[in-house]
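Enquirer: Number 596 in our numbering belongs to position 278 of the sequence shown; there are no gaps in the numbering. Even glycine gets a Cβ: it sits at the ideal position worked out from N, Cα and C. Keep in mind that this is a model prediction, so the values were computed, not measured. The structure follows.
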Amino acid sequence: MCDDIVRSIFARLPARTLVASMALSKHRRRMILCPEFRSLHCRLGPPLSRPHIAYITTAQIGRGGYVVSEFHSFHVAGAGLGSGAPARSLTGTGYLGMKYINSCRGVLLLANSGRCMFWNPCCVANNEKKEAIIPGSTRGDCVMGFGYGSRSQTYKLLIARKYAGEQRPQWRTVLSGNRKGESFFYKTYDSSREFFINSLYIDGIIYLLHITKKVLFAFDVDDETVTTINLPGNGYIPDDHLETSRLMEVLGRPCMETGDWNSTTLWMLTVDHQWEQKCVFDKKTNAERGSITGAWDCGGVVVLHTDGSYSHPSRLYLLRPSTTEIFCTNLPCNLKPALMEYAFCWGYKPTLVPPGSVVGELSQEKKKHIMKPLEPLNEQEKRKGQEATLTTVCLMEFLAGVMRRIPENLQQVIEELREGV
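Below, the structure written as structure tokens:
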């Protein structure tokens, strides 16, 4: 069989299957690792089977009363072992304060105030034990988002950076390779991480929800332009409600909730930046509902998870938007992790994109300072991290188990939840 046919077939295989197939021969390994094939696989490779939940868990590791390390673990619930879904962990002092920002082309971005890390859980280095940590910003920068421009074939990092003489940080992009970011957006808008909860990257656009301005920004990665999108629901959202809102992804589009005194609504943003109503909650019957942390469309049945509030339990909702029928159940307290302990990786798709390609080709001298190997896993700290994040893992597997059975067995699932949860 000629290489072109093999390449076309392999490009349509799941990423983890390709990783395993590298052992077939040195020739196959070279083919899979070449940049041209990786780019082809990004376009033709299959997404994770639906329904699934890609997420990162986080736990601080203490010793002697002090936090000495941080544990980050990536999982895909619901995809199943047969699909080759990745599950990788990081732990060490170098990850203290790292927060998940967003994913792009299979690469996850974690960042703190001093640096950022690009991590592909599927990407295997030559010795299969090292990944790449790439400080993408200077100390004091606030990392907002990360995306890829298909026309320019360039990765870009959106940051808030304050130069000498500026009263407030300005939004800028740091471009791939040796190019320096010079563009900025919306000088009049103060910009700080505390004004954002999360960001999304979808089809060449980075979406950011600005809490204090009550608008959604859509940054075009290629053009480096920004579109301001007014929030739905006539723009009325109580401040305390918006502060807990998160951007989500449903059917490949940004999604968020809004509320007033009477109801809470889940909205989905169309390609032409129009808001479409997905579903509505009556607050008279759901007064203690809490904020929506996750939303999934499972064949016409919308599954919602809410975090509850204070002493109130988290909840699971199942509903059909085409009807007024809605099912709600409280989840047990052992399925209620703290919000800071996990983050959904909306839009994640497994790829073989190496983290090093995000910053372009660098000289060997620069690689010594910019590229760093992942810290080796400390088995004791890894076990502590796994124990600390077990509640999150159990919750995600529970949600994925429910979603796998609907819409076909919706009524049966509802009856079982009524009896067993």
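Can you tell me the Cα-Cα spacing of ASP625 and SER343, whole angstroms?
Expert: One C-alpha to the other measures close to 48 Å.
Enquirer: Just the Cα atoms here: how many angstroms apart are THR546 and ASP538?
Expert: THR546 and ASP538: Cα-Cα distance of roughly 11 Å.
Enquirer: In whole angstroms, give me the CA-to-CA distance for ALA718 and CYS320.
Expert: The straight-line gap from Cα to Cα measures roughly 40 Å.
Enquirer: Ordered along the chain, which non-local residues of its own chain (more than five positions away) have a Cβ less than 7 Å from that of ARG638?
Expert: Counting only Cβ-Cβ distances below 7 Å, and skipping sequence neighbours, we find GLY618 and VAL619.
Enquirer: Got a sec? Which residues, its chain only, sit under 7 Å from ARG423 by beta carbon, not counting five neighbours each side?
Expert: Excluding residues within five positions, the ones whose Cβ falls inside 7 Å are CYS360, TYR466, THR669 and VAL671.
Enquirer: Mapping DSSP to helix, strand and coil, what is SER681?
Expert: At SER681 the pLDDT is 41, less than 50, meaning the model places this residue with poor confidence; the figure from the coordinates comes in the next sentence. Coil.
Enquirer: Express the C-alpha separation of THR588 and LEU534 in angstroms, rounding to a whole number.
Expert: Roughly 13 Å separates the two Cα atoms.
Enquirer: Rounded to whole angstroms, what is the Cα-Cα separation between TRP614 and SER367?
Expert: About 13 Å.
Enquirer: When you compare each of VAL385, ASN420 and VAL425 to LEU414 by their alpha carbons, which one comes out closest?
Expert: Out of VAL385, ASN420 and VAL425, VAL385 has the C-alpha closest to the C-alpha of LEU414.
Enquirer: Do the CB positions of GLY463 and SER517 come within less than 8 Å of each other?
Expert: Cβ atoms of GLY463 and SER517: closer than 8 Å.
Enquirer: In angstroms, rounded to a whole number, what distance separates the CA positions of LEU653 and SER468?
Expert: If you take the alpha carbons of LEU653 and SER468, they lie about 40 Å apart.
Enquirer: Tell me the DSSP secondary structure of ARG325 in three-state form.
Expert: Helix.
Enquirer: Thinking just about the alpha-carbon of each residue, which of ALA656, GLU388 and PRO650 is nearest to the one in THR409?
Expert: Of the candidates ALA656, GLU388 and PRO650, the one whose C-alpha sits nearest the C-alpha of THR409 is GLU388.
Enquirer: Return the chain-ordered ranges of every alpha helix (DSSP H) run that is complete within the stretch 378-437 and spans a minimum of 4 residues.
Expert: Entirely contained in the stretch 378-437, not one alpha helix (DSSP H) run reaches 4 residues.
Enquirer: Looking at the unbroken alpha helix (DSSP H) that takes in CYS352, where does it start and where does it end?
Expert: Careful: CYS352 lies outside any alpha helix (DSSP H) and carries neither H nor E.
Enquirer: So, THR710 versus PRO655, is the Cβ gap smaller than 8 Å?
Expert: A contact, by the Cβ cut-off of 8 Å.
Enquirer: Could you check where the beta strand (DSSP E) with SER581 kicks off and where it finishes?
Expert: Taken as a continuous stretch (DSSP letters only), the beta strand (DSSP E) holding SER581 covers 581-587.
Enquirer: What are the start and end residues of the beta strand (DSSP E) that includes VAL620?
Expert: Segment 619-624, the beta strand (DSSP E) holding VAL620.
Enquirer: Taking the CB atoms as reference points, tell me whether CYS646 and PRO369 lie closer together than 8 Å.
Expert: Not a contact, by the Cβ cut-off of 8 Å.
Enquirer: Are SER339 and ARG346 closer than 8 Å when you measure CB to CB?
Expert: Yes, the Cβ-Cβ distance between SER339 and ARG346 is below 8 Å.
Enquirer: The alpha helix (DSSP H) spanning GLY703 covers which residue range?
Expert: 697-706 is the extent of the alpha helix (DSSP H) around GLY703.
Enquirer: Roughly how many angstroms lie between the CA atoms of VAL676 and ALA372, to the nearest whole one?
Expert: Looking at the two C-alpha atoms, the distance is approximately 21 Å.
Enquirer: Using only CA atoms, which one of LYS596, SER470, CYS597 and ASN648 lies nearest to PRO631?
Expert: If we check each option's Cα against that of PRO631, ASN648 comes out closest.
Enquirer: Determine whether the beta carbon atoms of HIS623 and LEU636 lie at a separation below 8 Å.
Expert: Contact: no.
Enquirer: Run through DSSP, which three-state label would ARG469 get?
Expert: In this structure, ARG469 counts as coil in the three-state DSSP scheme.
Enquirer: Where does THR709 sit, in a helix, a strand or coil, going by DSSP?
Expert: It is helical.
Enquirer: Between ARG571 and the rest of its own chain, which residues show a CB-CB distance below 8 Å, the 5 nearest in sequence each way excluded?
Expert: So the qualifying residues of the chain are ILE520, MET586, LEU587, THR588 and VAL589.
Enquirer: With DSSP collapsed to three states, give me the class of LEU474.
Expert: With the sequence shown as reference, residue 474 is identified as Lys, and Leu is not the correct amino acid for it. Of the three classes helix, strand and coil, the one that applies to LYS474 here is strand, per DSSP.
Enquirer: For my contact list, ALA377 and ALA661 are in at a C-beta cut-off of 8 Å; report their separation, rounded to the angstrom.
Expert: Going by Cβ atoms, the distance from ALA377 to ALA661 rounds to 13 Å, so no, they are not a contact pair.
Enquirer: In this structure, how does DSSP classify HIS528 when only helix, strand and coil are distinguished?
Expert: Looking at HIS528 - three-state DSSP - the assignment turns out to be strand.
Enquirer: Go ahead and pull the three-state DSSP assignment for GLY522.
Expert: Coil, per DSSP.
Enquirer: Compare the C-alpha of LEU526 against each of MET574, VAL568, MET416 and ARG722 and name the closest.
Expert: For LEU526, the nearest C-alpha among the options comes from MET574.
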